[in-house]
Amino acid sequence: MVDGPDGCGVRWEHFAHAADVGVRGAGATKAEAFEQAALALTAIVTDPAGVAAVEDVEVRCEAPDDEMLLAEWLNRLIFEMATRGLVFGRYAVAIEGAALVAHAFGERIDVARHHPAAEPKGATFTALRVARDDGGWVAQTVVDV
């Protein structure tokens, strides 16, 4: 796992999956786990550390449960990246009940600088899980690339 800023227990990673890419985020709170899952999504495309926080895009979504909310969140980010030509390197997520309000900070993708590796097409329901884990939270799913 890649540790988040300040080594404060948040982290993200990819996990093995036959045809696509699994993304998993972990943090002390559900919101942190969702932020880290989004960073894992970014890392499918480019190194999140190389993305400047030039633009702030607000993202809102709702779903009937945490798993569906994670899939909706990641799919909204994929939509925002594709339609705006952006890549995001930092996220601020707030979750209240079934609603998520977040800010995605990033910049226009620069092929020469970001070296995009793959284009995520959508978060799937494969291995979809949001749960408490070792005193914190984990949020994961498989992304179609």
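Quick note on our numbering: the sequence shown kicks off at 1 and runs consecutively.
Note that CB positions come from ideal geometry on N, CA and C, so glycine has one too.
Treat the numbers as computed from the prediction; the structure is a model and nothing was measured.
Item to complete: Ignoring anything shorter than 4 residues or poking outside the region 42-117, list the alpha helix (DSSP H) runs there in chain order.
Response: 66-84 and 111-114
Worksheet item: With 16 other CB atoms within 10 Å as the buried threshold, where does Thr83 fall?
Response: exposed
Worksheet item: Alpha carbon to alpha carbon, how far is Val87 from Val51?
Response: 7 angstroms
Worksheet entry | Residue environment, Phe34, which counts as buried when at least 16 other CB atoms sit within 10 Å | buried
Worksheet item: Since Gly22 sits in a beta bridge, which residues does DSSP pair it with?
Response: Phe15 and Val142
Worksheet item: DSSP state of Ala28, grouped into three classes?
Response: coil
Worksheet entry | Cβ contact (3+ pairs, closer than 8 angstroms) linking the region 91-101 and the region 58-76 | yes
Worksheet item: In or out: Glu148 buried (at least 16 other Cβ within 10 Å) or exposed?
Response: With the chain running from 1 to 145 in the structure shown, residue 148 is simply not present.
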